[in-house]
Amino acid sequence: KMLEERGFTVVEGAAVDGMFRFENKDLGCQVTLLEKDFRSLPPRLFGDVHLFVACCFTDLLDPQELLTSLMLLAGSQSKPLLYAPITFCGSTSLRPEQPKEGSVPADSLVLEAYHASLKDVQGHHLDPRHLISTVKAYGGKLLSRGTSDWTITPPGDEEMREKSSVQDLQDAEIYSDDARMWATMLYFLGSGTAAAMEPGWDMGSWIARAKRVRPTIVAANVDLLFQLFDCEGETQQGEVIAAETGACTPAWGGREDVLKEGEQMLLEFVSTRTVQTRSAKQPPPGPGQLLLKSVSSVVSSGTELKVFRGEFETDSQLDTTIKGMADKTMSYPLTYGYSL
């Protein structure tokens, strides 16, 4: 209906199961709506693709699988944009938040279990950094990003009947969009927690309490705009845009290479003034040890800077003061970093 209001008409003969095509001849534009798994479609089915729109979607797929499928669909000659609005960031909150009451778990614990279930049971990908870094690894770039949190207000007194069920609010047309969305999210939180909840939790009473308290539900989302497959040799303009708009938040907005579970990222000095990153196995911490994740780092003004500049005598001892480096020598390629 929205497309028709903007002058688009259905392309005759183009509609197949789960796929609908519209065009606006004045604009020279075609739009295809998909209600099926796009990964099963043949390569270059739509010819040159200028834009993919994936709303509330990209966090459902592994980033590498997503981009590989898009590359096949677009073809190597296309240079499409990928617009991914309302990409979930893996954080949900209830306001106000309620504490533990007997067998009724605290809201914070329910939300923690809900997110764990999304990731570990349902296979969702809840960290947008992985998508961003994978796009860069595939030769694309981030053009822009900005927060798009869902703030879902609860039903008012007139909409909330004392004995109404969550399903009542979802189905009844007399309720507002926000009320139905709130009830749907409450249903997701209750049912999605089942696989990860602790023994003894009374989720029925937790839902009853939420219906009584009626908290505002906030889901952290982000809108992302990428240029795919055509960034070789270009400035990382996306980094500049994000910095200027303030859309890059410390909670998830840093740059990060693609890492798998149990891996660490190493900075390797390859030659004079040339460095690269590579992944390596991350040994688990031993007794009395903690595994910390660094957010940012610097190059030390001493040994590291000399290594970067090549100002050292080849095969000299790397460091006499750090345990474990006594038998290592100064020669490229060299992994040496300790500044945090």
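Residue 36 in our numbering is what sits at position 36 of the sequence shown, and the numbering runs on without skipping anything.
Don't be surprised by glycine CBs; every beta carbon is placed ideally from N, CA and C.
Just so it is clear, the structure is predicted and the values come from calculations on it, not from any experiment.
Minimum C-alpha distance to residue i - residue among the options
i, options, result
"Asp157", "Leu33, Trp201, Arg212 and Lys119", "Arg212"
"Gln227", "Ser144, Thr32 and Pro99", "Ser144"
"Glu97", "Asn24, Arg214, Ala113 and Glu5", "Arg214"
"Thr134", "Leu66, Leu60 and Asp37", "Leu66"
"Leu109", "Thr153, Gly200 and Asp17", "Gly200"
"Leu72", "Tyr138, Arg273, Leu186 and His125", "Tyr138"
"Ala84", "Ser191, Asn221, Leu291 and Ile207", "Asn221"
"Val121", "Ala196, Gly75, Lys141 and Asp107", "Ala196"
"Met203", "Leu111, Gly47, Lys306 and Ala54", "Leu111"
"Phe38", "Thr153, Phe52 and Gln276", "Phe52"
"Thr153", "Phe188, Ala219, Leu61 and Cys55", "Ala219"
"Leu41", "Pro105, Gly18, Gly310 and Val307", "Gly18"
"Ile217", "Ser69, Gly102 and Asp107", "Asp107"
"Thr87", "Cys55, Ser117 and Thr68", "Cys55"
"Gly102", "Asp319, Ser300, Gly288 and Ser205", "Ser205"
"Ala280", "Pro287, Gly286 and Glu261", "Glu261"
"Pro80", "Asp62, Gly47 and Leu61", "Gly47"
"Asp149", "Gly190, Arg309, Thr92 and Lys119", "Thr92"
"Lys119", "Ser69, Gly302, Leu70 and Asp62", "Asp62"
"Thr68", "Glu311, Leu131 and Pro155", "Leu131"
"Leu70", "Glu311, Val275, Phe229 and Arg309", "Phe229"
"Phe308", "Pro287, Gly286, Asp319 and Val275", "Val275"
Buried versus exposed call for residue i [16 or more other C-beta atoms within 10 Å across all chains shown]
i, result
"Leu224", "buried"
"Val298", "exposed"
"Leu99", "It should be noted that the sequence gives Pro, not Leu, for residue 99. The residue is exposed, with fewer than 16 neighbouring Cβ atoms inside 10 Å."
"Val49", "buried"
"Ala113", "buried"
"Pro333", "exposed"
"Met2", "exposed"
"Cys89", "buried"
"Leu305", "exposed"
"Pro128", "buried"
"Gly192", "buried"
"Thr277", "exposed"
"Lys25", "exposed"
"Ser331", "exposed"
"Leu82", "buried"
"Leu290", "exposed"
"Gly140", "buried"
"Ala194", "exposed"
"Leu27", "exposed"
Per DSSP, the bridge partner or partners of residue i
i, result
"Trp150", "Ala219"
"Met265", "Ser279"
"Glu101", "Val104"
"Thr274", "Ser271"
"Leu334", "Phe269"
"Ser117", "None, per the DSSP bridge assignment."
"Gln227", "Leu81 and Lys141"
"Leu317", "The identity of residue 317 in the sequence shown is Gln, whereas the question assumes Leu. The partner list for Gln317 (beta bridge, DSSP) reads Thr329."
"Gln30", "Glu23"
"Arg95", "Thr216"
"Thr9", "Glu23"
Straight-line Cα distance separating residue j from residue i
i, j, result
"Thr58", "Ser78", "20 angstroms"
"Lys293", "Glu263", "11 angstroms"
"Glu198", "Leu34", "39 angstroms"
"Phe20", "Val10", "8 angstroms"
"Asp327", "Gln317", "7 angstroms"
"Pro283", "Glu4", "57 angstroms"
"Ser176", "Leu266", "52 angstroms"
"Arg44", "Val31", "15 angstroms"
"Glu268", "Glu12", "57 angstroms"
"Gln64", "Thr335", "27 angstroms"
"Leu151", "Thr329", "A quick correction: the sequence has Thr, not Leu, at residue 151. Approximately 56 angstroms between the Cα atoms of the pair."
"Gly7", "Cys29", "11 angstroms"
"Ser271", "His124", "40 angstroms"
"Met181", "Arg95", "16 angstroms"
"Thr314", "Arg273", "15 angstroms"
"Ala371", "Gly190", "In the structure displayed, the chain extends from 1 to 340; residue 371 sits before or after that span and is not available."
"Ala208", "Gly146", "35 angstroms"
"Thr184", "Ala210", "13 angstroms"
"Phe188", "Lys36", "23 angstroms"
"Asp311", "Ser301", "Just to set this straight, residue 311 is Glu in the shown sequence, not Asp. Each residue's alpha carbon lies about 12 angstroms from the other."
"Ser117", "Val104", "19 angstroms"
"Leu126", "Pro285", "25 angstroms"
"Pro250", "Gly288", "With a pLDDT of 28 at Pro250, under the threshold of 50, the predicted position of this residue should be treated as unreliable, though the coordinate-derived value follows. Pro250 and Gly288: Cα-Cα distance of roughly 29 angstroms."
"Asp319", "Leu60", "46 angstroms"
Problem - Completely contained beta strand (DSSP E) runs for the region 42 to 88, where each covers 3 or more residues - result: Scanning the region 42 to 88 from its first residue to its last, the whole beta strand (DSSP E) runs of 3-plus residues come out as 51 to 53.
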